[in-house]
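Chains as they are written, first to last, in this note's numbering: chain A, 206 to 399; chain B, 206 to 399.
Beta carbons are placed, not taken as given, at the ideal position from N, Cα and C, and that holds for glycine.
All values reported here derive from a predicted model rather than from experimental measurement.
Remarks on the structure that follows.
Protein chains: 2
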Amino acid sequence: MKAVRELIWKGSYGSTTIDQICDKAGVKKGSFYYFFDSKVELALVGMEEDWSQHRPELDAIFSPTVPPLERLRKYCDYFYRFQAEICKQYGCVLGCPLFSVGAEVSTQEDHRLQQKIQEILEYKRRYLETAIRDAQAAGLVSAPDPAAKSRILFAYYQGLATQARIQNNLDVFKDAINGTYELLGVKNPAAVAA
Amino acid sequence: MKAVRELIWKGSYGSTTIDQICDKAGVKKGSFYYFFDSKVELALVGMEEDWSQHRPELDAIFSPTVPPLERLRKYCDYFYRFQAEICKQYGCVLGCPLFSVGAEVSTQEDHRLQQKIQEILEYKRRYLETAIRDAQAAGLVSAPDPAAKSRILFAYYQGLATQARIQNNLDVFKDAINGTYELLGVKNPAAVAA
DNA sequence: ATAATTGTTGACTAACCGGTCAACTGAGAT
DNA sequence: ATCTCAGTTGACCGGTTAGTCAACAATTAT
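This is how it looks when you write it as structure tokens:
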């Protein structure tokens, strides 16, 4: 499972072969086909596992006990530190696998992977929506439609992640929190930062 | 050339084989290798050709003779109509090939494709930067740092395009102009729309 | 102990991959 | 007419791919 995540994340879904996965996992192909019917099934389980590993951390960051704008700040911070660690580990910026793999497999006939990816992405967007709604309720931002704002913010994050991967440059993420504030029309950024 | 663009755009760079390209182009593999040394070279020429086809249209949309915020509105509009046409033609939303291919090949050893893609993306970002600077000069928006704002806006567009492809849903783009206004802090959206 | 179940393996196939090459084609130059 | 040469072709090579399978090992149940 670890092998497949690394290969698909660092390389791409399409160009990752079952032979490669088996080699890296130290397992023979016969064993692979004993547990999985195809690469799709494996990727599905891999995605699910990855998500369940991140979920507790996101739940903590977006806990309703934390002031809403601080949630977003912590999220940006967490994301940056996470990417930095990955970068040190693999030698290059990898961004979010849900985005890169999602974009790659979106036109395939078998829709199972897309569905799983969209499902997880939708979970993630909801963290943002709730935080924005709470911020709006507290009068911290101007976001009459939190759902719409969350979609915009989510697209922005998605773009940042993709850009950082393409440019292989972590600095791209440093804009994240400023961009977030501008996007949300934060009324007093200095107060949040303090 | 048309064949390779279609295949790489609809599928992915990695999973598009030279055999497929040759089949679709109605050409034998020997002929392919008479003109190109590898798939990378072909993709390079394809990207360049694609860019030189879009360039005049973008030059028109972002002409300095057009009011700056109208440029952005026209760009969003153009992008939506273009994607809608592609969608009707291929049966699914494909987004921007520079993003999807760029994200896919970013970790490869051969850096030529990445460089070309980053070069073209940087050109596109400059359109935004100029428009934002002009808008700022006209007092239409609050963007003290046009370059930084353009990066944020560009990331947002990139995210929208990726999202639309992943979700296979054109409606994602409909947020584009609103998101743009919010991001730029447009002082009087109603006046722009009118 | 032994039977049953669960997991592992290497050898195999058939299709496909990138890439090469000598032979061929056709159009324009002399 | 025929020479030249850019462009085309199909056959071919070695390596890799996804996927299968009968035989084997390890664990568990009885």
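Which listed residue (the options) has its alpha carbon closest to that of residue i
i, options, result
"A352/B", "G384/A, I325/A, Y362/A and T335/A", "G384/A"
"G231/A", "V209/A, E334/A and S243/A", "V209/A"
"L263/B", "F287/B, L249/B, K244/B and I322/B", "F287/B"
"P373/B", "L358/A, Q294/A, Q313/A and Y238/A", "A quick correction: the sequence has Asn, not Pro, at residue 373/B. Here the closest residue by C-alpha is Q313/A."
"S305/A", "Q341/A, F267/A, E290/A and L326/A", "L326/A"
"E254/A", "K321/A, A336/A, D380/A and L333/A", "K321/A"
"F284/B", "F237/B, M206/B and D376/B", "D376/B"
"V310/B", "L389/A, A248/A, L212/A and I371/A", "I371/A"
"E324/B", "S257/B, C297/B and Y362/B", "S257/B"
"L388/B", "T367/A, Y361/A, F378/A and S236/A", "Y361/A"
"L333/A", "A369/A, R278/A and I213/A", "R278/A"
"K229/A", "G216/A, Y239/A and K207/A", "K207/A"
"V271/B", "F378/B, Q363/B, D350/B and A340/B", "A340/B"
"K379/B", "C297/B, D282/B, A308/B and G235/B", "D282/B"
"A336/B", "A265/B, Q363/B and H316/B", "A265/B"
"Y328/A", "F267/A, L274/A and A369/A", "F267/A"
"K215/B", "Q363/B, Q294/B, P349/B and D350/B", "Q294/B"
"Y386/B", "E275/B, H316/B, D350/B and A289/B", "E275/B"
"A369/B", "A289/B, R338/B, R331/B and P349/B", "A289/B"
"R330/A", "F240/A, Q363/A and P349/A", "Q363/A"
"P269/A", "P349/A, D350/A and R338/A", "R338/A"
Which of helix, strand or coil DSSP assigns to residue i
i, result
"V346/B", "coil"
"P272/A", "coil"
"Y218/A", "coil"
"V391/A", "coil"
"L319/B", "The amino acid occupying residue 319/B in the given sequence is Gln; Leu does not appear at that position. Looking at Q319/B - three-state DSSP - the assignment turns out to be helix."
"S355/A", "helix"
"K234/B", "helix"
"M206/B", "coil"
"C301/B", "coil"
"S311/A", "coil"
"N374/B", "coil"
"S243/A", "coil"
"F284/B", "helix"
"A399/B", "In this prediction, A399/B scores a pLDDT of 48, lower than 50, which makes its location untrustworthy; the coordinate-derived value is nonetheless stated afterwards. Three-state result, A399/B: coil."
"L384/B", "Note on residue identity: the sequence assigns Gly, not Leu, to residue 384/B. Helix at G384/B."
"G251/A", "helix"
"W256/A", "helix"
"G296/A", "coil"
"I213/B", "helix"
Rounded Cβ spacing between residue i and residue j (contact assumed at less than 8 Å)
i, j, result
"A342/A", "L365/A", "Wrong, their Cβ atoms sit about 27 Å apart, outside the cutoff."
"I291/B", "L299/B", "5 Å"
"S347/A", "G390/A", "4 Å"
"L345/B", "K392/B", "6 Å"
"L212/B", "I226/B", "6 Å"
"S217/B", "G296/A", "About 22 Å separates the two Cβ atoms, so there is no contact after all."
"T367/A", "T367/B", "6 Å"
If contact is defined by three or more beta carbon pairs under 8 Å, each pair taking one atom from either stretch, is the region 241-258 of chain B in contact with the region 354-362 of chain B? The count of Cβ pairs closer than 8 Å, one atom from the region 354-362 of chain B and one from the region 241-258 of chain B, stays below three, leaving the stretches out of contact.
Are three or more beta carbon pairs between the region 259-273 of chain A and the region 234-244 of chain A nearer than 8 Å? no
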